[in-house]
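Trainee: 1 is the number of the first residue of the sequence shown in the UniProt record's numbering; add one for each residue after it. We put the beta carbon where it would ideally sit given N, CA and C, even for glycine. Treat the numbers as computed from the prediction; the structure is a model and nothing was measured. This is the structure, below, for whatever I ask next.
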Amino acid sequence: MAVNMADEELFKRAISGYRDAFLDRHSHLSEAERNELWSEQLNQFMPTAAAASSPSYRPVSGSGILDNDGSSLEKSGKRTRQDTPRTLPGSGLPPTKRRVTSLD
């Protein structure tokens, strides 16, 4: 999914505004402590090493995230079709589809 420039700009403004409010809210701390807390805040939205090693995890193309051998991945972040379950495990066959009938 391509990100258009308006969406990217909106995202940057939102993050920048949130960062300003965050730093202001923690103004009683030293700059180093505020920056450390801000980094921790951002890290909760970043993939962890464990998630990156998951077989169904693939970073989005252009994200700058590297694969296991250190090269940049150019695959989509979506799971491949064979990794996507078609039904819930143990749920058996899916329910039959009903047809709409008219009362002619």
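For Arg99, I'd like the list of residues in its chain whose CB is within less than 8 angstroms of its CB, leaving aside the five on either flank, ordered along the chain.
Mentor: none
Trainee: Please state the DSSP three-state secondary structure of Met46.
Mentor: coil
Trainee: Taking Cβ positions, are His26 and Leu37 nearer each other than 8 angstroms?
Mentor: yes
Trainee: From what residue to what residue does the alpha helix (DSSP H) around Leu29 run?
Mentor: From DSSP, Leu29 is part of no alpha helix (DSSP H); its letter is neither H nor E.
Trainee: Can you tell me whether Arg99 is helix, strand or coil according to DSSP?
Mentor: coil
Trainee: By DSSP, does Asn4 sit in helix, in strand, or in coil?
Mentor: Three-state result, Asn4: coil.
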